[in-house]
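First to last, the sequence lines map onto chains V and B.
The opening position of the first sequence corresponds to residue 1 in our numbering, with each subsequent residue numbered one higher.
The opening position of the second sequence corresponds to residue 159 in our numbering, with each subsequent residue numbered one higher.
We put the CB at the ideal spot given by N, CA and C, even for glycine.
Note that the structure is predicted; figures quoted are calculated from it, not measured.
In what follows, a single structure is set out as structure tokens and then discussed.
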Amino acid sequence: MDRQEQFRKQVRVIYQLLKVVVSIIIIVAIAGIYLIVDPSFSVFKKSAPDSAYIVVQEDEEDRIENGIHVRSGLVEAEGLMEVVNNCTNCHSSKLVIQNRMTAERWIATIRWMQETQNLWDLGGNEEIIVNYLVTNYPPIKKGRRENLRNVEWYDLQN
Amino acid sequence: MERRNFVKKVVLGSMATIIGADIVFGSTMLEGYQPLALQDPDPFKMFNKDKQMEVLNDKPWNIEAKAHLLDEKITSNNYMFIRNNGLVPDAIDSNEWTLTIDGESAKELKTYTLAELQTKFPQYTYQLTLECGGNGRSEFDPPAKGNQWTVGAVSCAKWTGVRLRDILEDVGIKDSAVYIGYHAVDAHLSRDPKKEPISRGAPIAKALQDETLVAFKMNGQDIPLVHGYPLRLVAGGWPASVSGKWVNRISVRDKVHDGTKMTGTAYRVPCEPVAPGEKVKDEDMCIIESMPVKSLITYPKSGAIIKKGNKLNIRGHAWAGELEVTKMEYSIDFGATWIAVSVEKPVNRLAWQHFDATIDFPKKGYYEVWSRATDSQGYSQPMLVPGWNPKGYLNNACHRIAVKVE
Chain V
1 MDRQEQFRKQ VRVIYQLLKV VVSIIIIVAI AGIYLIVDPS FSVFKKSAPD SAYIVVQEDE
61 EDRIENGIHV RSGLVEAEGL MEVVNNCTNC HSSKLVIQNR MTAERWIATI RWMQETQNLW
121 DLGGNEEIIV NYLVTNYPPI KKGRRENLRN VEWYDLQN
Chain B
159 MERRNFVKKV VLGSMATIIG ADIVFGSTML EGYQPLALQD PDPFKMFNKD KQMEVLNDKP
219 WNIEAKAHLL DEKITSNNYM FIRNNGLVPD AIDSNEWTLT IDGESAKELK TYTLAELQTK
279 FPQYTYQLTL ECGGNGRSEF DPPAKGNQWT VGAVSCAKWT GVRLRDILED VGIKDSAVYI
339 GYHAVDAHLS RDPKKEPISR GAPIAKALQD ETLVAFKMNG QDIPLVHGYP LRLVAGGWPA
399 SVSGKWVNRI SVRDKVHDGT KMTGTAYRVP CEPVAPGEKV KDEDMCIIES MPVKSLITYP
459 KSGAIIKKGN KLNIRGHAWA GELEVTKMEY SIDFGATWIA VSVEKPVNRL AWQHFDATID
519 FPKKGYYEVW SRATDSQGYS QPMLVPGWNP KGYLNNACHR IAVKVE
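Spelled out as structure tokens, the structure:
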């Protein structure tokens, strides 16, 4: 009986020891990993300017100025975020803005992107996106040759 | 930056699991990093381009020059347009770079290191006109899909390299060879590794021309990264998309190369002329080969105001794809009268040619100076936008600048 009790005690001591050792190993491992990721302990330096910076950036994300979504340059109108979220992942919004098409040709372009460029099924967003595009970026009639536009005049000294 | 962020998230996440509590400031750290990644890089600094260049697209990068920026006889990098279909590769080690020749009609598969190419074959330097097939697209009505280039997607730099013909002869090509197609390391916009952003080519006859180079130098220096460092196929006079950048493999094909942007409607125009806006079936579209005759007035910049009695000096370049420009004219009365001016011979085949003139204006007022080049087969630049095509290629309408005489 006594010996059994003694054995139990020994096991308990070893078990406690093991727990301590394992805990130490885990703590050291965590500290080690942390040091690799962030050797300068920047996480704990939560200075005031840093948080101010973060706040500004968060606002900046989808800021609208003079009717333009600043981040993408797209016109603010119904469907803007659907366009931003579905049409600016692979290519720039600049490609959207410089193109002028009818609904039929936009849909054909979407199909082409789905067939060859890994664009996903847009579901109900397709109609919203196409409506946004034809409303805000309609084709402009140019005829066979346009007048020269936006000429910047300057004096040329000979 | 993104990868590090991801590692951070994962590590912090697993740390949180171990500790059994959220890392309070961890989220702050991640937020703080995110915006830096969102910041736009400055393309002018990144690619060494003049600030007056026009950024049409930043993903992929597409940047064009303006007529007056192309005044140099040999286009320097600062004014060279950028046309990319995919993402510019990074971390290129030219010491590790190889070029493999393969394909159904190659007698064997052969791989050369860059150093082998440079020592094994004689080197040649040519000034070669590279114009984007879609240069001038912005003028088509109804508008054509794609980057809306105006006039600045053309350049004529000096390219140094070895002849593709010498390499192909070293490998040996079978009689069945009809086309070559290039492959390169740039990634597709969707980052799908199975997709090539572009893999075009040319018929064997073009591949075997003296001036078709596998180039490693532009204007005497390493090719800038965005223009194809360390190795670029250069085929002057054809749509610049034939001149593949970052090339590491060229396939000798026994059929017309069927890589990305060789098929469908890409770099193709209707085989037979169509009405503006007409639908054209894929099988009725034909591959563009030589670019058409064209010219640019590069001096003065459009918008010059001169005093009555002063003469105006103009100058510019003219080119004609595979052909030569044999006649150059200008008009100050919208084509009612044309005045012939002399045009220099090209420094080598497929290089642009230069012209200049001195203009005397009869009275005060608003003028446009129009330039018109004619090629060795008698084809001239049209004053109107030429035949409409679904993708808006080959607009070689006369260039014009506005001038006021006061």
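Check                                                                                                                             : Outcome
Rounded separation between V:Thr116 and B:Arg349 - CA only                                                                        : 13 angstroms
Simplified DSSP state of B:Glu564, which is helix, strand or coil                                                                 : coil
Three CB pairs or more closer than 8 angstroms across the segment 198-216 of chain B and the segment 234-249 of chain B           : yes
Proximal residues to B:Asp440 (C-beta, below 7 angstroms), its chain only, five neighbours per side dropped                       : Gly422, Thr423
Buried versus exposed call for V:Asn85 [16 or more other C-beta atoms within 10 Å across all chains shown]                        : exposed
First and last residue of the uninterrupted beta strand (DSSP E) at B:Trp477                                                      : 470-477
Close beta carbons around B:Ser252, own chain, < 7 angstroms, minus the five adjacent residues each side                          : Leu272, Pro388
Cβ pair count under 8 angstroms reaching 3, the segment 335-344 of chain B against the segment 358-376 of chain B                 : yes
6 angstroms Cβ shell around B:Ala302 - same chain, five flanking residues per side excluded                                       : Arg295, Lys549, Gly550
Residues of its chain near B:Trp404, where Cβ-Cβ distance is below 6 angstroms and the 5 sequence neighbours each way are ignored : Pro247, Ala342, Val343, Asp344, Gly386
Distance, B:Val309 Cα to B:Met449 Cα                                                                                              : 14 angstroms
Best match in B:Glu262, B:Lys217, B:Glu487 for proximity to V:Val96 [C-alpha to C-alpha]                                          : B:Lys217
Collapsed DSSP secondary structure at B:Arg390 in the structure displayed                                                         : strand
Local Cβ density within 10 Å of B:Pro458, reported as buried at 16 or more and exposed below that                                 : buried
Nonlocal neighbours in the same chain, by C-beta distance under 8 angstroms from V:Tyr132, ignoring five residues either side     : Ala77, Glu78, Gly79, Leu80, Glu82, Val83
9 angstroms Cβ cut-off: residues of chain B touching V:Lys19                                                                      : Near V:Lys19 there are no residues of chain B at all, since even the closest Cβ is about 15 angstroms away, more than 9 angstroms.
Endpoints, the beta strand (DSSP E) within which B:Thr456 is located                                                              : 452-457
B:Val405 - DSSP class collapsed to helix/strand/coil                                                                              : strand
Nearest-angstrom Cβ-Cβ length linking B:Met443 and B:Val432, presumed shorter than 8 angstroms                                    : Not a contact, Cβ separation roughly 10 angstroms.
Per-residue burial, B:Phe298 [other beta carbons within 10 Å of its own, 16 or more giving buried]                                : buried
Members of the segment 136-157 of chain V that neighbour chain B once the beta carbon cut-off is set at 8 angstroms               : Pro139, Ile140, Lys141, Lys142, Gly143, Arg144, Arg145, Glu146, Leu148, Val151, Glu152, Trp153, Tyr154, Asp155, Leu156
Same chain only: Cβ atoms within 6 angstroms of B:Val414, ignoring 5 sequence neighbours per side                                 : Tyr337
Residues in the segment 438-465 of chain B having any Cβ partner in chain V nearer than 9 angstroms                               : Pro458, Lys459, Ser460, Gly461, Ala462, Ile463, Ile464, Lys465
For B:Ser460, the three-state DSSP class (helix, strand or coil)                                                                  : coil
Nearest-angstrom Cα separation, counted from B:Gln306 out to V:Tyr137                                                             : 14 angstroms
Extent of the continuous beta strand (DSSP E) to which B:Met486 belongs                                                           : 483-489
Residue-chain proximity (V:Ser72, chain B), Cβ-Cβ < 9 angstroms                                                                   : no
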